[in-house]
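Have a look at the structure below before the remarks.
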């Protein structure tokens, strides 16, 4: 079986803002399979701010190099397999990257469960959903009656964090960019408030003081930067901050951190806890069970923002970093198999 | 009984570096006692970097105002009492401030235990000792074989933190200013290494990478600023940072925080925990018991840096903020009572 592929590789590692020129489209034909390998065709590619962070050098994963396929999670269908654990036609998830077809070690893949729509495995039950679930319930912890602040509230993780906070009885304040997003976060997602960090007539520190006059108990930080700084000033004593990402800071040179570090951390006795979703992999089954249940009960709204075709991947990620997405962004390469 | 007092009040709240002109010496005679009040003469005044932080506005204590007596912990002898809990001649501890004699509510005082020398109640068994003990054992946690980094290693808290780390089997790296302090930290206190952050021929990030090639498990931060930044880059994954103070940042205008906040917190999944000593007051008895025991066994070296006379208090604190002290600084107003 001769399988043609298209894929995006890193043509140049970005030093400033990510641009389409940093990627190069390659075409070719997959080689034959060795023992333990699986040939797949990609159906859905996940787009996550973390993809950009991986280009900054070694993180919790090795450094991405020029010439590497651009990494990202993806759902794919098995076409052929030399790994007895996988059979043609099965659906799998793995860090396959931006490519239409690929040969993967079977050990790097896992099967996708029966929950449908398939897109939910990249959103609600994927990294976004688990990041929201583990980050809010494990890294930060949340209690009924507390005030929860969430940045990137219209994003894939933030939109879920706020809804999970409401489910647990917290008062939820979102931060998002622009009046349309803010209205959507309030009206569709059910946050108590949503503050527009781009509204120059109402700077965030002031808006936050008005929205949370008693202060913030838990801040779920997806952004870092000036929003983290405003949050530090708004935190209550003994407040908790889950550090989930720093989307404001991935795309450019290293910048100083927020004022109030470490002064406000000491004075207010704050806890900041960085985490990534795999730190809580031992609780993934709980996350998937509860998130699927709440979605089925209509208690969680999972917005998906789906672009079409592999060629959309670069501009999709660039747009995500600029905050153009609403909900979980992904790229569809092929319709769901029957 | 007519009791004359001298005291320093805040003449002007500092906006930049603290100077002697920010204080004004007042003299007067104490009024008579109301019910519940105690008249004391001060023997020893504690000098702590936190005193400066209190002048920046409301913190975990109310804002200090112009005209207030400069606050600080102190040990005093009871001269007269209208509180049945206290009798003349007893020794007490309280936030009495920079004054020779004072009238205090009995409820704001507690008796000083039998351990001697008396100075230990402001050092080893005082805020410094308990801050080191609770911060290392509770806020951060330390395990044998881990690498512990401590800033302000020649200071009252840092000098104890490193010794406690050695007692628990950690490898201990200090950071201090100047070769003399560093030699003392290594040779007298027994730290494994001490890095001179003022040594321009060997910038701290480089020196730290060489001293801790496997990275730092626990950083006990007394300084904030560039040392915190260097530590963030040197931390291992899942590392813990106890945020105890920010002496580098008290004395001046608010400045940006360290680079790497929150990016490195996320990528390395660090935990930063701010604390003040009273958060762990329920464990104070344990701290006092163990610290006194270790001192008696000769396992802890408690350096004390004692200035003489109330008039030394302003320059004592100013010098402390500039890192001029070695060990626990205090001001003696009168010899220990027989």
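Protein chains in written order, with the numbering used here: chain E, 1014 to 1351; chain H, 1014 to 1351. Backbone N, C-alpha and C define an ideal beta-carbon position, used for all residues, glycine too.
Just checking my contact of residue i with residue j at CB under 8 Å: how many whole Å lie between their CB atoms?
{"i": "residue 1123 (chain E)", "j": "residue 1090 (chain E)", "result": "So it is not a contact: roughly 14 Å between Cβ atoms."}
{"i": "residue 1132 (chain H)", "j": "residue 1057 (chain H)", "result": "6 Å"}
{"i": "residue 1207 (chain E)", "j": "residue 1187 (chain E)", "result": "4 Å"}
{"i": "residue 1110 (chain E)", "j": "residue 1094 (chain E)", "result": "Actually they are not in contact, since the Cβ atoms of residue 1110 (chain E) and residue 1094 (chain E) sit about 19 Å apart, beyond 8 Å."}
{"i": "residue 1072 (chain H)", "j": "residue 1026 (chain H)", "result": "So it is not a contact: roughly 14 Å between Cβ atoms."}
{"i": "residue 1282 (chain E)", "j": "residue 1289 (chain H)", "result": "6 Å"}
{"i": "residue 1022 (chain E)", "j": "residue 1083 (chain E)", "result": "7 Å"}
{"i": "residue 1274 (chain E)", "j": "residue 1344 (chain H)", "result": "In fact, because the Cβ distance is near 32 Å, the residues do not count as touching under 8 Å."}
{"i": "residue 1339 (chain H)", "j": "residue 1167 (chain H)", "result": "5 Å"}
Quick one, which of the options has its alpha-carbon nearest residue i's?
{"i": "residue 1137 (chain H)", "options": "H:1169, H:1118, H:1158, H:1106", "result": "H:1169"}
{"i": "residue 1113 (chain E)", "options": "E:1141, E:1322, E:1331", "result": "E:1322"}
{"i": "residue 1314 (chain H)", "options": "H:1198, H:1276, H:1022", "result": "H:1198"}
{"i": "residue 1337 (chain E)", "options": "E:1231, E:1165, E:1308", "result": "E:1165"}
{"i": "residue 1316 (chain H)", "options": "H:1160, H:1259, H:1202, H:1332", "result": "H:1202"}
{"i": "residue 1121 (chain E)", "options": "E:1106, E:1134, E:1129, E:1172", "result": "E:1106"}
{"i": "residue 1232 (chain E)", "options": "E:1249, E:1161, E:1225", "result": "E:1161"}
{"i": "residue 1216 (chain E)", "options": "E:1200, E:1204, E:1228, E:1244", "result": "E:1244"}
{"i": "residue 1279 (chain H)", "options": "E:1251, E:1108, E:1327, E:1152", "result": "E:1152"}
{"i": "residue 1234 (chain E)", "options": "E:1102, E:1342, E:1081, E:1145", "result": "E:1145"}
{"i": "residue 1183 (chain E)", "options": "E:1301, E:1299, E:1158, E:1081", "result": "E:1158"}
{"i": "residue 1309 (chain E)", "options": "E:1130, E:1028, E:1064, E:1211", "result": "E:1130"}
{"i": "residue 1330 (chain E)", "options": "E:1030, E:1015, E:1018", "result": "E:1030"}
{"i": "residue 1059 (chain H)", "options": "H:1259, H:1191, H:1087", "result": "H:1087"}
{"i": "residue 1259 (chain E)", "options": "E:1213, E:1335, E:1212", "result": "E:1335"}
{"i": "residue 1304 (chain H)", "options": "H:1046, H:1150, H:1185", "result": "H:1150"}
Using only the alpha-carbon positions, how far apart do residue i and residue j sit?
{"i": "residue 1221 (chain E)", "j": "residue 1175 (chain E)", "result": "16 Å"}
{"i": "residue 1189 (chain H)", "j": "residue 1193 (chain E)", "result": "52 Å"}
{"i": "residue 1067 (chain H)", "j": "residue 1239 (chain H)", "result": "22 Å"}
{"i": "residue 1099 (chain E)", "j": "residue 1051 (chain E)", "result": "8 Å"}
{"i": "residue 1269 (chain H)", "j": "residue 1311 (chain E)", "result": "44 Å"}
{"i": "residue 1097 (chain H)", "j": "residue 1115 (chain H)", "result": "18 Å"}
{"i": "residue 1297 (chain E)", "j": "residue 1223 (chain H)", "result": "39 Å"}
{"i": "residue 1318 (chain H)", "j": "residue 1141 (chain H)", "result": "13 Å"}
{"i": "residue 1225 (chain H)", "j": "residue 1205 (chain H)", "result": "11 Å"}
{"i": "residue 1248 (chain H)", "j": "residue 1277 (chain H)", "result": "9 Å"}
{"i": "residue 1128 (chain H)", "j": "residue 1349 (chain H)", "result": "13 Å"}
{"i": "residue 1139 (chain H)", "j": "residue 1257 (chain H)", "result": "15 Å"}
{"i": "residue 1069 (chain H)", "j": "residue 1246 (chain E)", "result": "14 Å"}
{"i": "residue 1292 (chain E)", "j": "residue 1341 (chain E)", "result": "21 Å"}
{"i": "residue 1148 (chain E)", "j": "residue 1253 (chain H)", "result": "18 Å"}
{"i": "residue 1250 (chain H)", "j": "residue 1271 (chain H)", "result": "18 Å"}
{"i": "residue 1048 (chain H)", "j": "residue 1101 (chain H)", "result": "15 Å"}
{"i": "residue 1351 (chain H)", "j": "residue 1017 (chain H)", "result": "22 Å"}
With 8 Å as the threshold, decide whether the Cβ of residue i is near any Cβ in chain E.
{"i": "residue 1228 (chain H)", "result": "no"}
{"i": "residue 1234 (chain H)", "result": "yes"}
{"i": "residue 1258 (chain H)", "result": "yes"}
{"i": "residue 1336 (chain H)", "result": "no"}
{"i": "residue 978 (chain H)", "result": "Residue 978 (chain H) lies beyond the range of chain H shown here (1014 to 1351); nothing can be said about it."}
{"i": "residue 1241 (chain H)", "result": "yes"}
Count the other CB atoms, across all protein chains shown, that sit within 10 Å of the CB of residue i; report buried if there are 16 or more and exposed otherwise.
{"i": "residue 1286 (chain H)", "result": "buried"}
{"i": "residue 1044 (chain E)", "result": "exposed"}
{"i": "residue 1126 (chain H)", "result": "exposed"}
{"i": "residue 1156 (chain H)", "result": "exposed"}
{"i": "residue 1236 (chain E)", "result": "buried"}
{"i": "residue 1077 (chain E)", "result": "buried"}
{"i": "residue 1134 (chain E)", "result": "buried"}
{"i": "residue 1041 (chain E)", "result": "exposed"}
{"i": "residue 1242 (chain H)", "result": "buried"}
{"i": "residue 1143 (chain E)", "result": "buried"}
{"i": "residue 1306 (chain E)", "result": "exposed"}
{"i": "residue 1034 (chain E)", "result": "exposed"}
{"i": "residue 1230 (chain H)", "result": "buried"}
{"i": "residue 1172 (chain H)", "result": "buried"}
{"i": "residue 1219 (chain H)", "result": "exposed"}
{"i": "residue 1294 (chain H)", "result": "exposed"}
{"i": "residue 1032 (chain H)", "result": "exposed"}
{"i": "residue 1085 (chain E)", "result": "buried"}
{"i": "residue 1255 (chain H)", "result": "buried"}
Would you verify that the beta carbon of residue i is, or is not, closer than 8 Å to some beta carbon of chain H?
{"i": "residue 1270 (chain E)", "result": "yes"}
{"i": "residue 1073 (chain E)", "result": "yes"}
{"i": "residue 1125 (chain E)", "result": "no"}
{"i": "residue 1237 (chain E)", "result": "yes"}
Legend entry - Near-chain C residues of the segment 1277-1303 of chain E - C-beta to any C-beta below 7 Å: Of the protein chains in the structure, E and H, none is chain C.
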